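Report on the structure given below.
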Amino acid sequence: MTPATATAKSLNLPTSLIPTLIPTTTTTTTSSETTPGPTLQSLDLDISTQDLPPATLHNLITSSPRGTPFEKSVWLLLVQIPRGHFTTYKHMADHLRSSPRAVGNALRRNPYAPAVPCHRVVATGGLLGGFKGKSLRRDGEGITLDEKRMLLRREGVRFDAKVGNGGVRVMGTPFTRFI
Numbered sequence: 770m771t772p773a774t775a776t777a778k779s780l781n782l783p784t785s786l787i788p789t790l791i792p793t794t795t796t797t798t799t800s801s802e803t804t805p806g807p808t809l810q811s812l813d814l815d816i817s818t819q820d821l822p823p824a825t826l827h828n829l830i831t832s833s834p835r836g837t838p839f840e841k842s843v844w845l846l847l848v849q850i851p852r853g854h855f856t857t858y859k860h861m862a863d864h865l866r867s868s869p870r871a872v873g874n875a876l877r878r879n880p881y882a883p884a885v886p887c888h889r890v891v892a893t894g895g896l897l898g899g900f901k902g903k904s905l906r907r908d909g910e911g912i913t914l915d916e917k918r919m920l921l922r923r924e925g926v927r928f929d930a931k932v933g934n935g936g937v938r939v940m941g942t943p944f945t946r947f948i
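Heads up, the sequence shown is in the working numbering, so the first residue is 770 and it goes up one at a time.
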């Protein structure tokens, strides 16, 4: 098994995507030398910081055997939410003609978090809501609400801390421009 295949399996990525995610060398027409491409370590970094291009994430979701058609439709909507923005379970459900609970269940089964950003979905009132899906971290642990808040803050989402019972509410208008 090659290192690329082993890494793909450990991250639950289809091995067929390895050539698109990790170019191993680049050959120029003016020289016979090759330049090393991104390493497996940089792939891990890109996934953990959600820096994969939307087209790559779309390809990852659609080509994967993981997920039902409905789950994949939810995950594909996630890829459309820009960094620094958020949406609600209800907005996603309305777009898919489904229920917020069904959307939440699909988010919980998102095997590509945080690269496919389920942390950008909050409850209608702006509270963070649930967040227990698996992440691509090597320890396989799910992400907590504190981590969800940290990811959103890192992306530029602002919070109103003046919510009763120690809650935190996102500030701003939810993203609704789904295709």
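All residues carry an ideal CB built from backbone N, CA and C; glycine is no exception.
Given the structure is predicted, the values throughout are model-derived calculations rather than measurements.
In this structure, the beta-carbon distance from GLY895 to VAL939 falls below 7 angstroms. Following the DSSP letters along the chain, one finds ARG927 inside the beta strand (DSSP E) bounded by residues 927-929. Only residues of its own chain outside the window of five on either side were considered, and among them GLY853 have a CB closer than 6 angstroms to the CB of GLY925, listed in chain order. With 16 or more other Cβ atoms from the protein chains shown falling within 10 Å of its own Cβ, ILE830 counts as buried. Close CB contacts of ARG835 within its chain, under the 6 angstroms cut and outside five residues either way in sequence, are with PRO880 (chain order).
Nearest to ALA824 by C-alpha distance, out of VAL885, LYS931, THR893, is VAL885.
Look at the beta carbons and you see the stretch 834-851 touching the stretch 862-882: at least three pairs across the two are nearer than 8 angstroms.
7 angstroms or more divides the Cβ of HIS860 from the Cβ of THR913. TYR858 and LYS931 have their C-alpha atoms spaced approximately 23 angstroms apart. Around the C-beta of ILE850, 16 or more other C-beta atoms lie within 10 Å, and the residue is accordingly described as buried. Runs of the alpha helix (DSSP H) spanning 4 or more residues and lying entirely within the stretch 848-903 occur at 858-865, 869-877, in chain order.
Contact between CYS887 and LEU876 holds: their C-beta atoms lie close to 4 angstroms from each other, under 8 angstroms.
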